[in-house]
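Let me begin by presenting the structure, written as structure tokens, before commenting on it.
Residue numbers (the working numbering): 0 to 252.
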């Protein structure tokens with residue numbers, strides 16, 4: 000679909016090296032949005048930026064680790080220097096590391112907390128002033144957080160991952176009370192089974208096999224389909240806030 004109202008906007012997209020972040024960056028750029036691509040893997044970002052530029056879009060690759068405050072601060076400085084004020088932020092960076100809690104994988108717990116919760120907060124802190132200023136000037140301003148159906152539905156051995164996504168969903172709801180009165184829209188997207196690199200991070204052969212089986216039985220969404228939903232949401236008239244979007248494969252529902 001075409002979302003012409005997005006043309007001329009400036010977006011920051013985390014997790015842009017793969018999956019939903021990558022797909023969202025490509026789609027928004029194709030609609031005339033200047034996209035700042037944030038992720039850790041610089042080579043992938045440069046490749047994506049090159050493709051977007053070759054297709055006539057505008058993209059800036061900024062190697063960023065959202066778990067590191069100094070890295071986020073440096074990224075924000077570069078985005079502002081190159082692109083100026085941002086009016087669309089998509090928090091797509093995330094990790095999913097399921098394991099039984101009694102295994103005590105504190106390394107995985109910390110990584111999910113740092114990325115899924117604190118990482119999103121660092122990006123929000125870096126660009127909220129931009130969103131508020133854009134809205135005050137009469138422009139559309141959006142913050143989109145990508146959470147998960149796991150924020151609501153419990154799955155065995157996914158307790159910590161689900162808890163981080165529940166925190167992100169709650170954060171989105173609370174931020175609407177702070178930013179909504181200032182005309183900044185906050186949207187929380189909660190996908191179900193979606194084909195991405197998240198499944199490849201699972202450090203448990205049994206759980207990895209179960210996840211593969213769920214995809215075989217239920218089917219999965221594509222990253223491009225989630226990107227399309229984000230483009231649709233952020234292209235609505237500025238007084239319309241699609242606040243919470245739960246999207247599942249039909250068989251999973």
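Note that the Cβ used here is the ideal one computed from N, Cα and C, for glycine as well.
Among the options, the one whose alpha carbon lies nearest that of residue i
{"i": "residue 242", "options": "98, 157, 175", "result": "175"}
{"i": "residue 10", "options": "53, 65, 90", "result": "90"}
{"i": "residue 59", "options": "68, 76, 81", "result": "81"}
{"i": "residue 99", "options": "230, 232, 205", "result": "205"}
{"i": "residue 62", "options": "37, 1, 235", "result": "37"}
{"i": "residue 251", "options": "234, 161, 149", "result": "149"}
DSSP state of residue i mapped onto helix, strand, coil
{"i": "residue 243", "result": "strand"}
{"i": "residue 80", "result": "helix"}
{"i": "residue 190", "result": "strand"}
{"i": "residue 87", "result": "strand"}
{"i": "residue 203", "result": "coil"}
{"i": "residue 96", "result": "coil"}
{"i": "residue 54", "result": "coil"}
{"i": "residue 152", "result": "coil"}
{"i": "residue 215", "result": "helix"}
{"i": "residue 160", "result": "helix"}
{"i": "residue 101", "result": "helix"}
{"i": "residue 109", "result": "helix"}
{"i": "residue 7", "result": "coil"}
Buried or exposed by the 16-neighbour rule on C-beta atoms within 10 Å, applied to residue i
{"i": "residue 30", "result": "buried"}
{"i": "residue 169", "result": "exposed"}
{"i": "residue 193", "result": "buried"}
{"i": "residue 211", "result": "exposed"}
{"i": "residue 239", "result": "exposed"}
Those residues which DSSP pairs with residue i across a bridge
{"i": "residue 36", "result": "12, 60"}
{"i": "residue 43", "result": "In the DSSP output, where bridge partners are listed per residue, residue 43 has none listed."}
{"i": "residue 184", "result": "141"}
{"i": "residue 220", "result": "193"}
Any 3 or more C-beta pairs closer than 8 Å across the region 41-55 and the region 120-129:
no
Meets three-Cβ-pair contact criterion under 8 Å: the region 133-140 and the region 149-166:
no
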